[in-house]
Structures are given as C-alpha cells and as structure tokens.
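Residue numbers for the sequence shown, in mature numbering (1 follows the signal peptide of the UniProt record, and there is no 0): -21 to -1, 1 to 142.
Heads up, the beta-carbon is just placed ideally off N, CA and C, and yes, glycines get one too.
I have placed the structure first, in the form of structure tokens, so that the comments after it can refer back to it.
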Amino acid sequence: MQKIFISLLFFSLGLFGTAQTPDYSDVEFDKQQMLELVNNARMTKRRCGGKKHDAVAPLQWNKKLAQAAQKHADDMADNDFFDHTGSDKSTVVVRVEREEYLWRAVGENVAMGPRSVSEAVKGWLDSPGHCSNIMSDGFTEMGAALSHNGQYWVQVFGAPRGE
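Here it is in structure tokens:
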C-alpha cells in the first residue's frame, strides 16, 4: 500500500511540474453581448447571496468607464497580478478619474480565466458581491474590457455626477 501512495505522489508531482500556462488567445470580448447579458440580469429580481434585489433599470455603455476597465485589465496582464488595486496602487476611483469621468458612484468587478463573455457574467452573478454590483440601482452606466492576453476581465460601473 505504501508503494502505491509514493508512486501516486511522484506521478502527481510530475503533472504539476509540467503544467503549462493556459492559452487565452482564442477568448473574445463583445461589448454588446456583455451589456445585453448584464441588462437581462438586471431586468429580473434576484438574490445575491443573502441579499434580495428588485429588478432595476438597464445600464448604458460608457466609453470612459470602458477605457478605465481596459487599462486595468491590461495592467493585470502586463504585471501578472489579479486585484482591484492597480500595480501603481490605484483604485477604481483613481482610474475612472484619470479618464475624466465625473462620478457620483463607481464600482468594479474583476475576473480571471473565463473563456467567454457569458462565462464571465455568470461567474459574477454567482458571486454575492459581484452580483450586487450588477444589480445595484445606484449605477446607471457600465464599461467593461478583456485584457490583451484574454485572461483578465474588468467591469466598471458608474453613475455620473448630477444624476
């Protein structure tokens, strides 16, 4: 019995030692599909973890929020990290202000590894905090992006000042 355990251990170690980085070159981003899936989710009341959310108004696409999302997604890809805080210690607030978005409210969802827009949105809807961002009636606009290497997804929500 002990020999089998040791053999399996070495076999497992061999597998881990030869693991390759996943290839995301075939992953594509479709902003219209992203907006449609998010707005379809917002049209139906839902539970995000323990919190109930009523149906809310659809979001509008915002280029400045999309630019902030793209820069953060590419930053994570270029610097090999996964976090809401940028490699320069920036927050989502700093990133949207760099794009000259005058905000009343902002929020952000990030994901690593989904292979499609629908997989990314499903993952966020299955996560209570991310789902609450999607369902928040405090947001009226959204921008989103996929990193240049296809691995990192960023969704930025906002409500402009004066709304």
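Please name the residue, chosen from G65, G108, W132, H127, that lies closest to E98 on a Cα-to-Cα basis. Checking every option, the nearest Cα to that of E98 belongs to W132.
Give the DSSP bridge partners of H32, in chain order. Beta-bridge pairing links H32 to R25.
What is the rounded straight-line gap between the Cα of residue 143 and the Cα of G141? Since the first residue of the chain shown is -21 and the last is 142, residue 143 is not available in this structure.
Coil, strand or helix - V6 by DSSP: In the three-state scheme derived from DSSP, where H, G and I count as helix and E and B as strand, V6 is classed as coil.
Bridge-paired residues (DSSP) for M91: Paired residues: Y131.
Can you tell me whether DSSP reads R77 as helix, strand or coil? DSSP places R77 in the helix class (H, G or I) of the three-state scheme.
Determine the closest residue to E78 out of H109, K42, N128, with distance taken between C-alpha atoms. The candidate whose alpha carbon is nearest that of E78 is K42.
What residue does the alpha helix (DSSP H) around L38 start on, and which one ends it? That residue, L38, is in no alpha helix (DSSP H); it is neither H nor E in DSSP.
According to DSSP, is G137 helix, strand or coil? The answer is strand: DSSP assigns G137 an E or B state.
Endpoints, the alpha helix (DSSP H) within which residue 143 is located: Missing from the structure shown is residue 143; the chain here goes from -21 to 142 and no further.
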